[in-house]
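Read in order, the letters of the sequence shown correspond to residues 1416 to 1730 in the numbering used here. The beta-carbon is built from N, C-alpha and C at its ideal position, and this holds for glycine as well. Okay, structure first, notes after.
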Amino acid sequence: MPPKIRFRPLDGLLLLDKPQGLSSNAALQAARRLFRAEKGGHTGSLDPLATGLLPLCFGEATKIAGLLLGSRKAYETTAVLGVTTDSDDADGAVLRRRPVPALTPGGLEAALAPLRGPIRQRAPIYSALKQGGEPLYAKARRGEAIEAPERDVEVHAIEVLAIEDGRVRLRIECGSGTYVRSLVRDLGEALGCGAHVAALRRLWVEPFLAPRMYTLEALEALAGQGDEALLAALLPVETGLSGFPRRDLDADGVRRFGMGQRLRGQGGTAATVAVFGPDGRVLGLGSVDPEGVLAPQRLFSWAVLNTPGAAPPKH
1416 MPPKIRFRPL DGLLLLDKPQ GLSSNAALQA ARRLFRAEKG GHTGSLDPLA TGLLPLCFGE
1476 ATKIAGLLLG SRKAYETTAV LGVTTDSDDA DGAVLRRRPV PALTPGGLEA ALAPLRGPIR
1536 QRAPIYSALK QGGEPLYAKA RRGEAIEAPE RDVEVHAIEV LAIEDGRVRL RIECGSGTYV
1596 RSLVRDLGEA LGCGAHVAAL RRLWVEPFLA PRMYTLEALE ALAGQGDEAL LAALLPVETG
1656 LSGFPRRDLD ADGVRRFGMG QRLRGQGGTA ATVAVFGPDG RVLGLGSVDP EGVLAPQRLF
1716 SWAVLNTPGA APPKH
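Here is the structure:
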């Protein structure tokens, strides 16, 4: 019987290169066990078929997981034309086969053009979107008839990387909530032959545009070298907030901010800001109103601990 894992408080971000075949939650739990982190979360699911960047948040970093979930993302995908599946990817059952028309750059561009920009997209029936409090994939697995919801998403760019043997390789940049499987499905329908995703890799998630990712195998190797080597793979919480305007406070401002007090004289335009102390450590998020008043929004535990006797502010 393996020894019981002794979990510990641990704060930071891990840029995991998720392997194919694992759910995002299974990948998170495998990494969490390696790090022995008491608390962990991920920043938006990747399908089991998919690989690539899955930012994981441990400890206090889970407080910003929702911010990363809504970030811009980039993918590379391979679409197989002529075959439609019930999940819109290669893991699903084949629903229909159709002949693939002769593909030309012009014809492909004409089919892709309506898929760029702000669009209305129908989610796959095998998705984590909830309907009546239950994920659609659970209903689909029971064979229930499902009307997948539509929602507004934004596709910033679609680039054709290669066309060969009824397959199209694409690079896609998109906003929060966009399903690459749906883009590929809709491309196939525009071409009149159907399509599904055969491979999908997430390249980056803002603000991690050139990520140093770690596979689970690499993390296991680091763990074998000792705890110090493993912990070196973690990024500080600050890295997840690099896209926010910054406000720096002096020692008195740190104390007052940690007590949940509003601070005047912060200037600038109204915005959500990342708030730092004089030691360069992030304290949390705040909002600045048009009059330059900074109000705490979400504090990390060490910001509160800097104010002895203060009750933790409401989050």
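| Check | Outcome |
| --- | --- |
| N-terminal and C-terminal residue of the beta strand (DSSP E) that residue 1535 is part of | 1532 to 1537 |
| Cα-Cα separation, residue 1691 to residue 1486 | 22 Å |
| Residue 1524 - containing alpha helix (DSSP H), residue span | 1520 to 1527 |
| From 1621, 1569, 1610, residue whose alpha carbon lies closest to that of residue 1508 | 1610 |
| Segment limits, alpha helix (DSSP H) that includes residue 1597 | 1595 to 1606 |
| Reference residue 1522, options 1590, 1606, 1443, 1477, closest by Cα | 1606 |
| Same chain, Cβ closer than 8 Å to residue 1655, neighbours up to 5 away in sequence not counted | 1428, 1470, 1472, 1476, 1479, 1482, 1483, 1622 |
| Reference residue 1590, options 1418, 1571, 1665, closest by Cα | 1571 |
| Local Cβ density within 10 Å of residue 1430, reported as buried at 16 or more and exposed below that | buried |
| Per-residue burial, residue 1504 [other beta carbons within 10 Å of its own, 16 or more giving buried] | buried |
| Helix, strand or coil at residue 1708 [DSSP, three-state] | coil |
| Contact between the segment 1493 to 1503 and the segment 1449 to 1459 (3+ Cβ pairs under 8 Å) | no |
| Residue-level contact to chain D via CB, residue 1691, 8 Å cutoff | Structure shown: chain D not included; a single protein chain is present. |
| Beta-bridge partners of residue 1611, as assigned by DSSP | 1495 |
| N- and C-terminal bounds of the alpha helix (DSSP H) containing residue 1716 | 1716 to 1720 |
| Own chain partners of residue 1723 with C-beta closer than 7 Å, once the 5 adjacent residues on each side are dropped | Bear in mind that the predicted position of residue 1723 carries a pLDDT of just 41, short of 50, making it too unreliable to give a figure here. |
| Within the segment 1431 to 1492, ranges of the beta strand (DSSP E) (whole runs, at least 3 residues) | 1455 to 1457, 1466 to 1473 |
| Pick from 1629, 1695, 1669 that is closest to residue 1677, judged by C-alpha positions | 1669 |
| Whole alpha helix (DSSP H) elements within the segment 1603 to 1675, 4-residue minimum | 1631 to 1640, 1642 to 1646, 1666 to 1673 |
| Neighbour-count burial assignment, residue 1657, 16 or more Cβ in a 10 Å radius | exposed |
| Inter-residue Cα distance where the pair is residue 1602 and residue 1593 | 14 Å |
| Residue 1467 versus residue 1630 - alpha carbon distance | 9 Å |
| Alpha carbon of residue 1695 to alpha carbon of residue 1423, nearest angstrom | 25 Å |
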